[in-house]
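First residue of the sequence shown: 0, per numbering that gives the first Met the number 0; consecutive thereafter.
All C-beta atoms, glycine included, are put in the ideal place defined by N, C-alpha and C.
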Amino acid sequence: MKRIVLVAGLLILAACASYRVKEQRTTQGPLAEDLWMTNVILANGREPNFDERRHWNNQIEYRISQYLHQHPEAANSLDVSTFRFVRQVSVGQTAEQVLILLGRPISVTSDEAEMEKLARAYWPTIKGTVTEAWVYPVGWRLYFKDSKVVDITQYLVP
Numbered sequence: 000m001k002r003i004v005l006v007a008g009l010l011i012l013a014a015c016a017s018y019r020v021k022e023q024r025t026t027q028g029p030l031a032e033d034l035w036m037t038n039v040i041l042a043n044g045r046e047p048n049f050d051e052r053r054h055w056n057n058q059i060e061y062r063i064s065q066y067l068h069q070h071p072e073a074a075n076s077l078d079v080s081t082f083r084f085v086r087q088v089s090v091g092q093t094a095e096q097v098l099i100l101l102g103r104p105i106s107v108t109s110d111e112a113e114m115e116k117l118a119r120a121y122w123p124t125i126k127g128t129v130t131e132a133w134v135y136p137v138g139w140r141l142y143f144k145d146s147k148v149v150d151i152t153q154y155l156v157p
């Protein structure tokens with residue numbers, strides 16, 4: 000009986016020790032498909048089916064192609080593959096590119112006190128370089144200056 004209690008206690012301690020808050024600052028943000036899938040699951044309680052995936056893929060490919068046709072300078076940039084093929088938000092992208100990839104954010108703020116709360120431990124580093132923050136599901140926060148992504152953080156409690 001003592002062994003069972005001891006093993007149970009150790010398992011509980013191990014579970015508590017493994018509970019960690021995920022917090023990161025990065026130059027590469029969420030993948031468009033991952034965030035879209037998260038939104039579908041939250042809205043419908045299920046993963047998207049084949050037709051929904053195909054439809055989403057066609058739509059995003061069309062929007063990306065249209066954007067690159069209208070902005071040839073972006074089509075010739077070094078990081079165009081991150082936008083077009085990987086479909087991932089990254090530092091340096093425009094607000095328009097982010098909207099194409101991720102859609103509208105949950106919230107937008109230009110209030111410095113609110114941005115400080117969103118940036119948490121990273122605020123001292125990014126303070127003064129950002130003018131706006133966009134919040135997306137799964138703890139993603141994108142920070143902008145002059146309509147360009149200048150920083151990305153994620154804060155996620157498991």
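Give the secondary structure of residue i by DSSP, where H, G and I count as helix, E and B as strand, and everything else as coil.
i      : result
Val137 : coil
Arg62  : helix
Leu77  : coil
Lys116 : helix
Asp50  : helix
Val85  : helix
Ile99  : helix
Ile125 : helix
Pro29  : strand
Ile105 : coil
Gln92  : coil
Val156 : coil
Is the beta carbon of residue i sitting closer than 9 angstroms to the one on residue j?
i      : j      : result
Gln92  : Asp110 : no
Thr152 : Glu22  : yes
Gln29  : Val137 : Note on residue identity: the sequence assigns Pro, not Gln, to residue 29. A contact, by the Cβ cut-off of 9 angstroms.
Gln96  : Tyr61  : no
Ser146 : Ala94  : yes
Trp139 : Leu34  : yes
When burial is assigned at 16 or more other CB atoms within 10 Å of the CB, is residue i buried or exposed?
i      : result
Ile63  : buried
Ala112 : exposed
Gln27  : exposed
Gln87  : buried
Phe143 : buried
Mind checking if residue i is an interface residue toward chain C, Cβ cutoff 9 angstroms exclusive?
i     : result
Asn75 : This model lacks chain C altogether, as it is built from one protein chain only.
Okay, do the region 140 to 154 and the region 112 to 132 touch, 3+ Cβ pairs below 8 angstroms being the bar?
Yes, they touch.
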